[in-house]
Amino acid sequence: MSNALPVLVDVETAAGSAVFMFQSPHHLPPIWLVVPFLLLLLMIATGPLLYHRFWEEHYSKISIGLGGVVALYYSFVIEHGSRILLHTLEEYISFLALITALFVTSGGILVRIHKRGTPLINGALLLFGALISNFIGTTGASMLLIRPYLRINEGRIKPFHIVFFIFIVSNIGGALTPIGDPPLFLGFLKGVPFFWVLSKLWIPWLFTLVTLLLLFIAFDIRAGKGESKAPETGVGVSVVGAKCLFILAFVIGAVFLDPAVISGFPSLQKMFHLPFGIRELLLFVLSAVAWKSADREAVRGNEFNFSPIREVAFLFIGIFATMIPALELIGAYAASHAEEFSVTRFYWMTGALSGVLDNAPTYLNFLAGALGKFGLVMNQVSDIKKFAAGIHSPVQGDVTSDIYLMAISIASVFFGSMTYIGNAPNFMVKNIASHAKINVPDFFEYIYKYSLPVLIPVFALLWWIFFNY
931 MSNALPVLVD VETAAGSAVF MFQSPHHLPP IWLVVPFLLL LLMIATGPLL YHRFWEEHYS
991 KISIGLGGVV ALYYSFVIEH GSRILLHTLE EYISFLALIT ALFVTSGGIL VRIHKRGTPL
1051 INGALLLFGA LISNFIGTTG ASMLLIRPYL RINEGRIKPF HIVFFIFIVS NIGGALTPIG
1111 DPPLFLGFLK GVPFFWVLSK LWIPWLFTLV TLLLLFIAFD IRAGKGESKA PETGVGVSVV
1171 GAKCLFILAF VIGAVFLDPA VISGFPSLQK MFHLPFGIRE LLLFVLSAVA WKSADREAVR
1231 GNEFNFSPIR EVAFLFIGIF ATMIPALELI GAYAASHAEE FSVTRFYWMT GALSGVLDNA
1291 PTYLNFLAGA LGKFGLVMNQ VSDIKKFAAG IHSPVQGDVT SDIYLMAISI ASVFFGSMTY
1351 IGNAPNFMVK NIASHAKINV PDFFEYIYKY SLPVLIPVFA LLWWIFFNY
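This note's numbering numbers the first residue of the sequence shown as 931 and each following residue consecutively.
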């Protein structure tokens, strides 16, 4: 699971404290403490399908209750547990601040595409979304484009339209810059050169993107025209509520207002021991400004309401809390077994865990393990730069370190598309589509009907071509 925004304060411990904890095995939580996380995932998957009314009425209580079980254990049993909970709260507030700002701001921007959805037009829109996700993040691109995408396909939209939007715009598109996805941004903060991502990942990115776009167009051609209700009035694209585009620019810029990025920038966390910083306050203020100043025509045209963000806020506070033990146990395992990990194991383990957990700490944990294979350490910028540049492995002399970093980077970003909770915008797109009365695949259908048969073969081919070491 990818947060919309990584916690940038005290980057050495911001990875959900897993990196901090795996150095002391006796501090690790018991395995049974992962049960609340698994139970919450199971209920997210089955609730809307099997006991819809009960779930709609009580999902917020269930999420907070299961999260509270883990929080209580960490508060009273785990040494330094309160510190870990504080970092998790910081992560959650950062996540909620950005996702709220992007959701509200995009709700005030009505993008009208004056064409009906066709395979080529839809493919072009998905390609455009993939490209801009590298400049405004996968969450920003998803929130900006999902509503016009639904409108131009009104009357002919199928479940695969939503799924491929999530695959391409909400995840895989944002792999070319550190702005695109949180794991890459954390890597940049640790010392990976900004343009390393583009120079090393563009070929795997292009291969995956083209493959998925071709598959999507084939699906869309097979779906046919349907009974399209989308009007075709004119040529090109028009925008209502353009002033919210300026607010959106401020939202993206606010991501960088942090001491980890700007030396000497004030930290409310360190000054007043608060679980949020100036960035989070500004994002919430920008949300309020966007809502108050939004063009009412744009709001009505987008059929905007706060139900999707409310559901995300309640469910993800439980997810953030309950996944703490899983992240810590994974961090310990990565640290103690990294020596025996090949590039293949780093790729598949990073990917598998990024599909259901926070991919930012997963990225950092496996990066720390890979650095250890080369006698390098996480907290030395010079070591990170050497690792990214490529040095020879003492065990596999023909494999250089940059291949490990490529595998971890690609896997942490791409595999976030495997489930609805794999990345924050996935769930937002699902909710927006659901509230628009679109037939959206349920949690299990998304996995068995799309992720496994579509993504896994593509990711396996990607591994075989680039990371089979």
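We put the beta carbon where it would ideally sit given N, CA and C, even for glycine.
Nearest CA to the CA of residue i: which residue from the options?
| i | options | result |
| --- | --- | --- |
| Ala1300 | Gly1320, Leu1335, Asn1289 and Ala1290 | Leu1335 |
| Ile1416 | His1267, Trp1393 and Ala1282 | Any property of residue 1416 remains undetermined from this structure, which presents the chain solely from 931 to 1399. |
| Asp1288 | Met1308, Ser1342, Tyr981 and Phe1065 | Ser1342 |
| Trp1221 | Leu1175, Ala1290 and Tyr1003 | Leu1175 |
| Met918 | Leu1245, Glu1375 and Pro1371 | Because the chain in this structure spans residues 931 to 1399, residue 918 falls outside the shown range and cannot be described. |
| Ile1254 | Ile992, His982, Leu980 and Val1000 | Val1000 |
| Phe1065 | Val1099, Lys1045 and Arg1046 | Val1099 |
| Pro959 | Tyr1293, Ser1381, Val1007 and Arg1013 | Val1007 |
| Thr1069 | Ile1109, Leu980 and Trp962 | Ile1109 |
| Arg1077 | Phe1396, Phe1374, Lys1360 and Ile1386 | Lys1360 |
| Gly1248 | Leu980, Leu1002 and Leu1211 | Leu1002 |
| Met1053 | Asp1150, His1267, Leu1131 and Ile1377 | A quick correction: the sequence has Gly, not Met, at residue 1053. Comparing Cα-Cα distances from Gly1053 to each of Asp1150, His1267, Leu1131 and Ile1377, the minimum goes to Asp1150. |
| Pro1295 | Phe1304, Gly1305 and Phe1276 | In the sequence under discussion, the amino acid at residue 1295 is Asn, which differs from the Pro named in the question. For the residues Phe1304, Gly1305 and Phe1276, the minimum Cα distance to Asn1295 belongs to Phe1276. |
| Gly1285 | Thr1274, Phe1250, Gly1346 and Ala1243 | Gly1346 |
| Ile1147 | Leu1055, Glu1270, Gly1305 and Gly1085 | Leu1055 |
| Glu1084 | Gly1047, Pro1112 and Met1073 | Gly1047 |
| Tyr1293 | Gly1320, Trp1278, Gly1305 and Lys1155 | Trp1278 |
| Phe995 | Phe1095, Glu1021 and Phe1250 | The identity of residue 995 in the sequence shown is Gly, whereas the question assumes Phe. For the residues Phe1095, Glu1021 and Phe1250, the minimum Cα distance to Gly995 belongs to Phe1250. |
| Phe1396 | Leu1198, Asn1232 and Thr1330 | Thr1330 |
| His1017 | Ala1390, Lys1200, Asn1235 and Lys1379 | Lys1200 |
| Ser993 | Ala1243, Glu1021 and Ala1268 | Ala1243 |
For the alpha helix (DSSP H) that contains residue i, what are its first and last residues?
| i | result |
| --- | --- |
| Leu1040 | No alpha helix (DSSP H) holds Leu1040; the beta strand (DSSP E) holding it covers Leu1040 to Ile1043. |
| Ser1168 | Note, Ser1168: premise wrong, no alpha helix (DSSP H); beta strand (DSSP E) at Val1167 to Val1170. |
| Asp1150 | Trp1126 to Ala1153 |
| Glu1241 | Ser1237 to Thr1252 |
| Trp1393 | Ile1386 to Phe1396 |
| Pro1078 | Pro1049 to Ile1082 |
| Trp1278 | Val1273 to Ser1284 |
| Val1093 | Pro1089 to Ile1098 |
| Thr1107 | Note, Thr1107: premise wrong, no alpha helix (DSSP H); not H, not E. |
| Pro1291 | Asn1289 to Lys1303 |
| Ala1268 | Premise fails: Ala1268 is in no alpha helix (DSSP H) and is neither H nor E. |
| Gly1231 | Arg1226 to Gly1231 |
Please decide whether residue i counts as near chain B, where near means a Cβ-Cβ distance under 8 Å.
| i | result |
| --- | --- |
| Val999 | Going by chain labels, chain B is absent from the structure shown, which holds only one protein chain. |
Checking the sheet assignment: what are the DSSP bridge partners for residue i?
| i | result |
| --- | --- |
| His1322 | Thr1330 |
Could you tell me whether any non-hydrogen atom of the ligand HEM is closer than 7 Å to the CB of residue i?
| i | result |
| --- | --- |
| Phe1195 | The ligand content of the structure shown is nil, which means the ligand HEM is not present either. |
Inset, instruction - Answer yes if the segment 1029-1041 comes into contact with the segment 1236-1251, meaning at least three C-beta pairs across the two stretches below 8 Å, and no otherwise. - result: Output reads yes: the segment 1029-1041 touches the segment 1236-1251.
Inset, instruction - Flag this pair as touching only if the segment 1197-1207 and the segment 1258-1268 have three or more C-beta atom pairs under 8 Å; answer yes or no. - result: They do not touch, by the three-pair rule.
Legend entry - Segment contact, 8 Å Cβ cut-off, at least three pairs: the segment 956-970 with the segment 1364-1373: They do not touch, by the three-pair rule.
Inset, instruction - May I have a chain-ordered list of the alpha helix (DSSP H) segments no shorter than 4 residues that lie completely inside the segment 968-1020? - result: Whole alpha helix (DSSP H) segments, 4+ residues: 982-1006.
Legend entry - Three CB pairs or more closer than 8 Å across the segment 1306-1318 and the segment 1117-1133: As far as the Cβ criterion goes, the segment 1306-1318 touches the segment 1117-1133, which means the pair count is three or higher.
Legend entry - Three or more C-beta pairs below 8 Å linking the segment 1085-1094 and the segment 1369-1389: Short answer: they touch.
Inset, instruction - Please confirm if the segment 1035-1048 is in contact with the segment 1166-1175, defined as three or more CB-CB distances below 8 Å between the two stretches. - result: Three or more Cβ pairs closer than 8 Å define a contact, and the segment 1035-1048 meets that threshold against the segment 1166-1175.
Inset, instruction - Determine contact between the segment 1100-1108 and the segment 1135-1144, defined as no fewer than three beta-carbon pairs at a distance below 8 Å. - result: A contact exists between the segment 1100-1108 and the segment 1135-1144.
Inset, instruction - State whether the segment 1213-1228 contacts the segment 1172-1190, with contact taken as three or more CB pairs (one from each stretch) at a distance under 8 Å. - result: Counting Cβ pairs under 8 Å, three or more are found: they touch.
Legend entry - Secondary structure, alpha helix (DSSP H): runs of 4+ residues fully inside the segment 1165-1220: As far as the segment 1165-1220 is concerned, its whole alpha helix (DSSP H) runs of at least 4 residues are 1173-1184 and 1198-1202.
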